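Here's the structure, in structure tokens; my notes come after.
Residue numbers (this note's numbering): 3 to 644.
Next up, the structure:
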């Protein structure tokens with residue numbers, strides 16, 4: 003863009019012509035009334051020592067518009083100003099300069115006569131551009147002035163007529179979106195919001211992020227494809243396509259994201275990580291950014307850490323009433339270890355935070371060790387891992403034990419050393435909460451053994467294990483009754499002609515973006531470390547044996563919890579089967595009604611008859627081969643019911 007200098011321009015015919023006598027750009031803007039002299043001095047002071055052209059400084063300071071700058075520059079250089087919005091250009095003329103060169107220098111050929119090529123450009127003072135396009139085309143270049151925005155729009159219309167950048171941004175901007183600003187800029191005033199949008203590409207990235215936050219997405223995927231850029235949002239655990247962009251926008255969008263995340267925009271061969279802060283008047287979120295080089299270009303994934311959504315209470319997690327009471331008893335214990343297990347994305351961190359919020363008080367010292375600290379919890383001491391300086395889980399845990407803690411939360415147990423310190427801490431008067439990546443609650447025991455923890459230490463320190471999954475909830479606005487297909491019913495051992503309760507699904511509406519689901523809830527199973535379970539652990543029992551014993555002593559499985567959510571009309575069969583990969587097809591026969599029932603059910607869903615053996619006198623769960631009830635000493639052979 004224009005500057006306070008007198009560089010020469012290549013011209014047709016006589017090669018170069020000096021504009022030594024032309025008026026300075028700033029003076030011209032003042033004379034034409036586009037700029038006050040005070041504002042000019044302010045811009046010149048801002049330009050000092052930056053090496054930037056005055057025109058760009060004026061635009062960045064919002065003192066003049068891009069169109070006004072282009073018109074003034076044309077007057078200063080005594081070259082034509084071209085409005086590309088209604089300017090006819092022959093297809094063969096545009097293609098005189100390759101598309102990538104036009105985008106690089108913000109220029110476009112507009113006419114050709116003999117050996118002269120007329121080119122509209124945003125910065126005719128760029129001599130490197132002049133030399134390169136003269137060399138590429140072999141023509142003498144006759145410059146004209148236009149805006150960078152108009153040039154890019156015209157190139158897009160010619161080479162990619164399916165969608166222009168303005169149309170894409172307008173499509174995203176149709177909905178009311180959240181205000182967005184990097185953390186260092188603070189919370190913007192209403193008058194300053196427009197200043198954040200200083201180019202179509204900045205606006206595009208901001209709109210993508212705002213739109214994802216507004217829709218409640220947990221992640222944004224910006225993926226380079228062969229002929230386009232695909233943007234997808236992960237909403238309620240499922241990726242949904244948001245918008246597709248032209249292929250040429252990919253490097254510009256990724257560069258903008260890298261700038262926001264404090265990453266190296268020149269490094270495109272290696273993965274990078276960064277972090278962005280989003281603040282608005284009534285909203286705050288952290289964005290964790292990750293880039294990855296792929297075959298068609300760099301891919302970016304933005305994890306949205308919504309601070310408001312993070313602070314869920316235990317009741318809001320969706321646990322059943324009985325299991326909720328068990329968890330509350332766990333976290334009220336003075337010592338011991340509580341493990342939350344499940345795959346990535348199953349809500350383990352939210353459960354940990356809910357537990358910490360529940361037990362937080364002025365009388366207790368609560369410390370967390372996380373990698374990274376995802377959400378800030380007021381009143382709790384949070385420590386972030388930094389392996390570059392040696393701040394690892396084991397190192398911090400040893401230091402924490404000298405900080406007189408009551409409760410310690412460990413983000414994840416990853417290795418033997420961390421597990422040993424945590425288990426020892428739980429034996430010495432501390433309540434320890436942590437997570438593991440296992441498929442169910444009993445597998446947490448074998449996982450600890452696999453990483454080198456002695457069984458006796460697990461049996462004596464672990465209080466209980468909570469395994470959970472997240473399933474999508476049916477949208478309350480479009481929920482309707484339906485009958486699932488026979489194949490789905492067969493997977494939970496039911497038949498269409500004899501259904502024990504009603505089934506519901508979402509028809510799809512604007513409230514749920516036509517998915518039929520809105521929000522998520524947890525399904526869970528809780529393994530209580532009772533006497534029998536501890537014996538099996540010390541004896542080296544397998545996860546299946548521990549699971550059978552836990553079910554026999556009253557553990558509600560993930561499958562049973564999912565069935566309860568289906569029965570209550572909260573979710574669908576498909577959601578439960580997608581979240582819980584267990585032995586759904588293995589069934590048993592109800593001794594009362596003779597129907598096939600899943601092994602995970604405690605009661606028959608058809609006749610409500612208990613499937614787990616119980617004592618007829620005290621109604622407690624017993625083993626099938628027991629002769630007498632150990633609780634009330636009744637004779638089981640003659641009285642027990644199955």
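Cβ coordinates follow ideal geometry from the N, Cα and C atoms, glycine included.
A quick note: this is a predicted structure, and the numbers were derived from the prediction, not measured.
Close CB contacts of residue 234 within its chain, under the 8 angstroms cut and outside five residues either way in sequence, are with 222, 223, 225, 241, 242, 243, 244 (chain order). In this structure, the straight-line span from the alpha carbon of residue 625 to that of residue 344 is close to 29 angstroms. If one requires a minimum length of 4 residues, the alpha helix (DSSP H) runs lying completely within the stretch 252-291 are 252-263, in chain order. Under the criterion of beta carbons closer than 8 angstroms, residue 121 and residue 146 qualify as touching, at roughly 7 angstroms. Closest in alpha carbon position to residue 162, among 101, 570, 133, is 101.
According to DSSP, residue pairing for residue 438 in a beta bridge involves 343. The continuous beta strand (DSSP E) containing residue 123 extends over residues 118-123.
Leaving aside the five residues that flank residue 298 on each side, the residues in its chain whose CB is nearer than 7 angstroms to its CB run, in chain order, 226, 227, 228. Contact annotation, residue 637 with residue 560: C-beta distance approximately 35 angstroms; criterion of less than 8 angstroms not satisfied. By the neighbour-count criterion, in which 16 or more other beta carbons inside 10 Å mark a residue as buried, residue 620 falls on the exposed side. In the three-state reduction of the DSSP assignment, residue 516 falls in the coil class. When the alpha-carbon of residue 545 is set against those of 449, 63, 85, the nearest one is in 449. Per DSSP, reduced to three states, the secondary structure at residue 557 is coil, with no helix or strand assignment. Shown here, residue 52 sits in coil according to DSSP, grouped into three states, outside any helix or strand. In this structure residue 95 touches residue 114 by the C-beta definition: roughly 5 angstroms separates them, less than 8 angstroms. By the Cβ test, the stretch 310-330 is not in contact with the stretch 401-415, since fewer than three Cβ pairs between them sit closer than 8 angstroms.
Taking C-alpha positions only, residue 454 is separated from residue 418 by approximately 6 angstroms. By the CB criterion at 8 angstroms, residue 279 and residue 288 fall inside the cutoff. For residue 388, there is no enclosing alpha helix (DSSP H), as DSSP marks it with neither H nor E. For residue 144, the enclosing beta strand (DSSP E) stretches over residues 142-147. Under the three-state reduction of DSSP output, residue 424 falls in the helix class.
In this structure, the beta-carbon distance from residue 56 to residue 45 falls below 8 angstroms. Inter-residue distance for residue 108 and residue 141 is about 18 angstroms (C-alpha atoms, whole angstroms). Taking residue 328 as the centre and dropping the five residues before and after it, the same chain places the C-beta of 528 closer than 6 angstroms to its C-beta, in chain order.
Between the stretch 463-471 and the stretch 506-513, the count of C-beta pairs closer than 8 angstroms stays below three; the two stretches do not touch. Between residue 358 and residue 465 a beta carbon distance of about 16 angstroms is seen, past the 8 angstroms cut, so the two are scored as non-contacting.
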